[in-house]
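Taking this note's numbering as reference, the numbering of the sequence shown is continuous, increasing by one, and the terminal residue is 307. Glycine residues also receive a C-beta, built at the ideal position from the N, C-alpha and C atoms. Here the structure is a predicted model, which means the values were calculated and not measured. These notes concern the structure reproduced below.
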Amino acid sequence: AGRNVLASPPRREPRALPEQTLEKYKAVKAADPSRPVFMTVTGNFHPHFDKYSDEDRRRLYPGYVKAADVIGYDIYPIYGWNKPEWIHLVHEATDLLVRMAEGRPVYAWIETSKGSQWTGALENQKDVTPAHIRAEVWMAVCRGATAIGYFTHVWKPSYKQFGAAEENQKALRRINEQITRLAPAILGRPPAGKTAASGGEAKLDALFRRHEGQLYVFAVNYDERLKAAQAVFEIEGLAAGAAVEAVDENRTIRAEAGRFSDAFEPLAVHIYRAPAPLTAPGESRLP
21 AGRNVLASPP RREPRALPEQ TLEKYKAVKA ADPSRPVFMT VTGNFHPHFD
71 KYSDEDRRRL YPGYVKAADV IGYDIYPIYG WNKPEWIHLV HEATDLLVRM
121 AEGRPVYAWI ETSKGSQWTG ALENQKDVTP AHIRAEVWMA VCRGATAIGY
171 FTHVWKPSYK QFGAAEENQK ALRRINEQIT RLAPAILGRP PAGKTAASGG
221 EAKLDALFRR HEGQLYVFAV NYDERLKAAQ AVFEIEGLAA GAAVEAVDEN
271 RTIRAEAGRF SDAFEPLAVH IYRAPAPLTA PGESRLP
């Protein structure tokens, strides 16, 4: 009796089509236009996941985006799949969704623990560490996310809404404090001159911002192969000998003309601050 669940084909059509979602969005906005509508989508807009064809993704997801004021996603490489080697998907997915969002704010949900109901016995689940959490947060920020959420539920060994280990709770406090303190810079303008970042053979990304006369560089080594990197940051107009502060690290790097370099351990995050270079005659350092 009952449905033969094991023989059921995988779902290839969403439960609600974009047109239906848009109608619900319009109804919500008509009832209360004062509040933004948030929508979280799963990671199936990323081609890494083969639930939909490329054609179907192009057909579906732009329509879903139109049914929200703020759009976000959840991909949990370790908690959801037990695959830390997929950690770079957070970087790639944020980039994809930001481009799809057409100017809408984008947020990312970040994993905080093991204890998933989807990845088998607890003793076989891999740990989500403070380094994983911090790297994923900054992957999202460096690719344009302007909000972060944390998935803290665990089902094993028993259900808890907030199941992050103590060391991960401490990491969340540190990450949130730093992001809150630096939010005006994260949301600042890009520098006037050209910028670039390279990690050699390792995958490295950087967000360059200017705020109150200071240049900020937010950088993360997001290489899933856990490669270390010697990063080079090129900044037009940066003076030779300029002091580049590694924020919250109690150290300073001396710049060469137009660049500076620093070492990145696997999944490392570093934030830098220096006087904003002047790239045009008469230009002010102030925003």
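| Asked | Found |
| --- | --- |
| Whole-angstrom C-beta distance between A88 and Y127, which should lie under 8 Å | Actually they do not touch by this definition, with Cβ atoms about 11 Å apart. |
| Between the CA atoms of D76 and A21 - distance to the nearest angstrom | Since pLDDT at A21 reaches only 42, below the 50 mark, its modelled position is unreliable, and the value read off the structure follows with that caveat. Between A21 and D76, the C-alpha separation is close to 35 Å. |
| Pick from V267, A248, F253 and Y242 that is closest to L109, judged by C-alpha positions | Y242 |
| Beta-carbon gap between I130 and Y170 smaller than 8 Å | yes |
| Residue burial classification, P301 (beta-carbon count within 10 angstroms, cutoff 16) | Residue placement at P301 cannot be trusted, given a pLDDT of 40 that sits under 50; what the coordinates show is reported in the next sentence. So P301 counts as exposed. |
| Alpha-carbon to alpha-carbon, T60 and R78 | 17 Å |
| Beta-carbon gap between N188 and V148 smaller than 8 Å | yes |
| Supposed contact pair P211 and L235 - C-beta distance, whole angstroms, cut 8 Å | 6 Å |
| Neighbourhood of Y226 by C-beta distance below 7 Å, restricted to the same chain and skipping five residues each side | For the sequence presented, residue 226 should be read as Ala rather than Tyr. The answer, listed in chain order, is C162, A217, V237, F238, A239 and F253. |
| 4 or more residues per run - each alpha helix (DSSP H) lying fully within the segment 176-207 | 186-206 |
| Whole runs of the beta strand (DSSP E) within the segment 223-302, excluding any shorter than 3 residues | 224-231, 234-241, 249-255, 263-266, 271-274, 279-284 and 289-295 |
| First and last residue of the uninterrupted alpha helix (DSSP H) at G92 | G92 -> not in any alpha helix (DSSP H); beta strand (DSSP E) instead, spanning V90 to D94. |
| Residue environment, A277, which counts as buried when at least 16 other CB atoms sit within 10 Å | exposed |
| CA-to-CA distance, E156 to A294, given in whole angstroms | 25 Å |
| Of the listed residues I255, H290 and E285, nearest to T272 (C-alpha basis) | H290 |
| Continuous alpha helix (DSSP H) stretch holding Y81: start and end | D74 to V85 |
| Coarse secondary structure for E39, derived from DSSP in three states | helix |
| Simplified DSSP assignment, three categories, for A113 | helix |
| Cβ-Cβ separation, T41 to W101 (assumed contact under 8 Å), whole Å | So it is not a contact: roughly 26 Å between Cβ atoms. |
| Residue closest to E244, alpha-carbon to alpha-carbon, out of K103, A263 and A275 | K103 |
| C-beta atoms of I95 and G63 nearer than 8 Å | yes |
| Nearest to E20 (by Cα), restricted to the options Y72, K49 and H68 | There is no way to answer for residue 20, as the model of the chain reaches only from 21 to 307. |
| Exposure of A27, with buried meaning 16 or more beta-carbon neighbours within 10 Å | Only weak support exists for where A27 lies, its pLDDT of 48 falling under 50; the value from the coordinates is given anyway. A27 comes out exposed. |
| N- and C-terminal bounds of the alpha helix (DSSP H) containing V157 | P150 to C162 |
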